[in-house]
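Student:
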Amino acid sequence: MSRDRALLERALDRGEQDGGNVEFKERLSRNVHLEGGRRESLAAQLRHRLLSGDGEATYVVGVTDDGGLAGIDPDTFSETMDVLSLLAEEADAHIDDVQTWGVEDGLVGVALIQEGGVLETDDEHVVVGTAGHVDHGKSTLVGSLVTGNPDDGDGATRAYLDVQPHEVERGLSADLSYAVYGFDEDGPVRVRNPNRKQDRAAVVEEADRLVSFVDTVGHEPWLRTTIRGLVGQKLDYGLLVVAADDGPTRTTREHLGVLLATDLPTIVAITKADTVDEERIEEVEREVERLLREVDKSPLRVSRHGVDAAIDEISERVVPIVETSAITMDGLETLDELFDRLPKTAQDTGEFRMYVDRSYSVTGVGAVASGTVMSGEVEAGDELLLGPMPDGRFQEVEVRSIEMHYHRVDKAQAGRIVGIALKGVKESAIERGMVLLPREADPDPVREFEAEVMVLNHPTRIGEGYEPVVHLETIGEAAAFYPENGRLLPGDTGETTVRFKFRPYLVEEGQKFVFREGRSKGVGTVTDVHPME
Numbered sequence: 001m002s003r004d005r006a007l008l009e010r011a012l013d014r015g016e017q018d019g020g021n022v023e024f025k026e027r028l029s030r031n032v033h034l035e036g037g038r039r040e041s042l043a044a045q046l047r048h049r050l051l052s053g054d055g056e057a058t059y060v061v062g063v064t065d066d067g068g069l070a071g072i073d074p075d076t077f078s079e080t081m082d083v084l085s086l087l088a089e090e091a092d093a094h095i096d097d098v099q100t101w102g103v104e105d106g107l108v109g110v111a112l113i114q115e116g117g118v119l120e121t122d123d124e125h126v127v128v129g130t131a132g133h134v135d136h137g138k139s140t141l142v143g144s145l146v147t148g149n150p151d152d153g154d155g156a157t158r159a160y161l162d163v164q165p166h167e168v169e170r171g172l173s174a175d176l177s178y179a180v181y182g183f184d185e186d187g188p189v190r191v192r193n194p195n196r197k198q199d200r201a202a203v204v205e206e207a208d209r210l211v212s213f214v215d216t217v218g219h220e221p222w223l224r225t226t227i228r229g230l231v232g233q234k235l236d237y238g239l240l241v242v243a244a245d246d247g248p249t250r251t252t253r254e255h256l257g258v259l260l261a262t263d264l265p266t267i268v269a270i271t272k273a274d275t276v277d278e279e280r281i282e283e284v285e286r287e288v289e290r291l292l293r294e295v296d297k298s299p300l301r302v303s304r305h306g307v308d309a310a311i312d313e314i315s316e317r318v319v320p321i322v323e324t325s326a327i328t329m330d331g332l333e334t335l336d337e338l339f340d341r342l343p344k345t346a347q348d349t350g351e352f353r354m355y356v357d358r359s360y361s362v363t364g365v366g367a368v369a370s371g372t373v374m375s376g377e378v379e380a381g382d383e384l385l386l387g388p389m390p391d392g393r394f395q396e397v398e399v400r401s402i403e404m405h406y407h408r409v410d411k412a413q414a415g416r417i418v419g420i421a422l423k424g425v426k427e428s429a430i431e432r433g434m435v436l437l438p439r440e441a442d443p444d445p446v447r448e449f450e451a452e453v454m455v456l457n458h459p460t461r462i463g464e465g466y467e468p469v470v471h472l473e474t475i476g477e478a479a480a481f482y483p484e485n486g487r488l489l490p491g492d493t494g495e496t497t498v499r500f501k502f503r504p505y506l507v508e509e510g511q512k513f514v515f516r517e518g519r520s521k522g523v524g525t526v527t528d529v530h531p532m533e
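For what it's worth, full-length UniProt numbering labels the leading residue of the sequence shown as 1, then goes sequentially.
1) Express the C-alpha separation of R400 and L436 in angstroms, rounding to a whole number.
2) Consult DSSP for E383 and reduce its assignment to one of helix, strand or coil.
3) Under the rule that 16 or more other beta-carbon atoms within 10 Å means buried, what is R408, buried or exposed?
4) Report, in whole angstroms, the separation of the C-beta atoms of P150 and A326, which I expect to be a contact under 8 Å.
5) Compute the Euclidean distance between the alpha carbons of G247 and V288, then round it to the nearest angstrom.
6) Among D340, E90, E448, I475, which one has its Cα closest to the Cα of I430?
7) Any contact of the segment 70 to 89 with the segment 99 to 112, i.e. 3+ C-beta pairs under 8 Å?
8) Ends of the alpha helix (DSSP H) at I314?
9) Closer than 6 Å by C-beta to M1: which residues in its own chain qualify, once you throw out the five before and the five after it? Chain order, please.
10) Report the three-state DSSP secondary structure of H94 (helix, strand or coil).
11) Apply the 10 Å Cβ neighbour rule to G366 and answer buried if 16 or more other Cβ atoms are within range, or exposed otherwise.
12) Note down, one range per segment and in chain order, each beta strand (DSSP E) of at least 3 residues found wholly within the segment 261 to 309.
13) Tell whether a beta-carbon distance below 8 Å holds between V356 and M404.
14) Please give the ranges of any beta strand (DSSP E) in the segment 39 to 108, keeping only runs that are unbroken, at least 3 residues long and fully inside the region.
15) Which stretch, first to last residue, makes up the alpha helix (DSSP H) that contains F352?
16) Which of helix, strand or coil does DSSP assign to T525?
17) Answer yes or no: do L42 and H48 have a C-beta to C-beta separation smaller than 8 Å?
18) Identify which residue in H94, E533, G68 has its Cα closest to the Cα of D391.
19) What separation, rounded to the nearest whole angstrom, lies between the Cα atoms of G257 and R503?
20) Excluding sequence positions up to five away, which residues of its chain have a Cβ less than 7 Å from the Cβ of D105?
21) If you compare alpha carbons, which of E283, S315, D152 is closest to D296?
22) Could you tell me the boundaries of the alpha helix (DSSP H) in which K138 lies?
23) Within its chain, find whatever has a CB closer than 7 Å to the CB of F500; leave out the 5 residues flanking it on each side and keep chain order.
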């Protein structure tokens, strides 16, 4: 017997022993189990199971009434979960977790249902993007913030964010990772065990105010990923880390340039303060201040001017500086106070829009598109458009369910980092850079647009046909530049036509972007678009 099959058998045995709060179902369908009085009857049955289990019920699906393994195909399993979710909502409960097993004839699943409706997300939610050089302690600092645990000096708290096995092994982040903590009237609400998704979900449920971190990548080869994290998310603040033992580096300057190009209010955290003496900390702070003044920003030392001043003054021009150590926890209370009190800056305007940052498939649920809601709000059951596809068309899809930091929510508003399970599309058809819009929207796919750009760095001149990678929202695509005056030199600002090399995207006037090729880089703003015919 396989290991998964053995686990399932044990789950079924426990279910038979628990009796009162366990229900066996082979399948549930909309046209049978939601019609007439069946819906009310099944919801009442679910309420009875919840009452018997002190607020928890277990539904085993894909099995016969006596617990025999039947198995159902993935589409039927997805429909069963949809129906069960509606029944749970009627019973003022929600599906908290689903585990699936493959058997000879299909899928068998165990759904844990808990009392209480799904989370409303009307509370404050601040999103912070981190940046900084590799080994300067971004992930370690965030790990200590969200857990309240000091680091052991070897990056133990960093492991709470690095989600790929090779990242943990090498001690380097190679993709964006996410973390969350929050606040209530008693202070910080931290994650008890970040390796348990239920504990991260509990923070979302319990906190009155949430702080989500988009933790980017400090290693030079993954600068493209860092740009995606800072440009493609609806961030409220940037958190730039500079290690006290190393000081600002070329990567520090790169990341600061991206943060400032997006007009993002930013905090600088001097990390690893425990590794050096006061004289060295002072030296690094002066280096950071010089770096900020070079780009026309005003540094504000929080240790000297206080948290109140930092909150009052932080802006596109004023940058607070905080000394921290994830080992001694010095300075983390200051960051807690800042994140608890700083106002949300990203504005929620217009209809729903979410650019896709990543996609994946969940057994029994199907295709999931993940990203940050840029504007408006989305609810389970909404009908949306996804695209553009490579040929420029938009595909109709339906929202099955929404999760935020592993907690299922009934809707998501601007600024939320969510995973949206979609009906009507395969995961293989979803690509980074696509956008989700309301079904009634009339979007125009764009292959070419006009922009005003500033060349920040380039070894020679930018001429016609120059091909950098353009980072706009979550789009990261090679594009050809055709400057209005034939060429652009380092430091120049000018007009250029930009044409995506491989496929169209949704691009609109006013959007900002970063372009990069080798050590060449610049920033731009879309001034006009040329929709595909």
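Glycine included, each C-beta is placed from N, C-alpha and C at the ideal position.
Being a predicted model, the structure only gives us computed values, none of them experimental.
Tutor: Reading it off the structure:
1) Roughly 14 Å separates the two Cα atoms.
2) Three-state result, E383: strand.
3) By the neighbour-count criterion, in which a residue is buried when 16 or more other Cβ atoms sit within 10 angstroms of its Cβ, R408 is buried.
4) Right, their Cβ atoms sit about 7 Å apart.
5) It is roughly 8 Å from the alpha-carbon of G247 to the alpha-carbon of V288.
6) Per the Cα distances, I475.
7) Judged by Cβ distances under 8 Å, the segment 70 to 89 makes contact with the segment 99 to 112, as three or more pairs qualify.
8) No alpha helix (DSSP H) holds I314; DSSP gives it neither H nor E.
9) Any reading at M1 must be qualified, since the residue scores a pLDDT of 38, below 50, and its modelled position is unreliable; the value itself is stated next. Answer for M1: no residue qualifies.
10) When secondary structure is reduced to three states using DSSP, H94 falls in the strand class.
11) Counting Cβ neighbours within 10 Å, G366 comes out buried, since at least 16 surround it.
12) Those beta strand (DSSP E) runs which fall completely within the segment 261 to 309 and span 3+ residues are 266 to 271, 298 to 301.
13) Cβ atoms of V356 and M404: not closer than 8 Å.
14) The segment 39 to 108 contains these whole beta strand (DSSP E) runs: 56 to 61, 93 to 103.
15) No alpha helix (DSSP H) contains F352, which DSSP labels as neither H nor E.
16) It is a strand residue.
17) Result no, Cβ atoms of L42 and H48 do not sit closer than 8 Å.
18) Minimum Cα distance to D391 is reached at E533.
19) Here the alpha carbons of R503 and G257 stand approximately 28 Å from one another.
20) A70, G71, listed in sequence order.
21) For the residues E283, S315, D152, the minimum Cα distance to D296 belongs to S315.
22) K138 -> alpha helix (DSSP H) spans 138 to 147.
23) For F500, where only same-chain residues beyond five positions count, the Cβ hits under 7 Å are R447, E477, A479.
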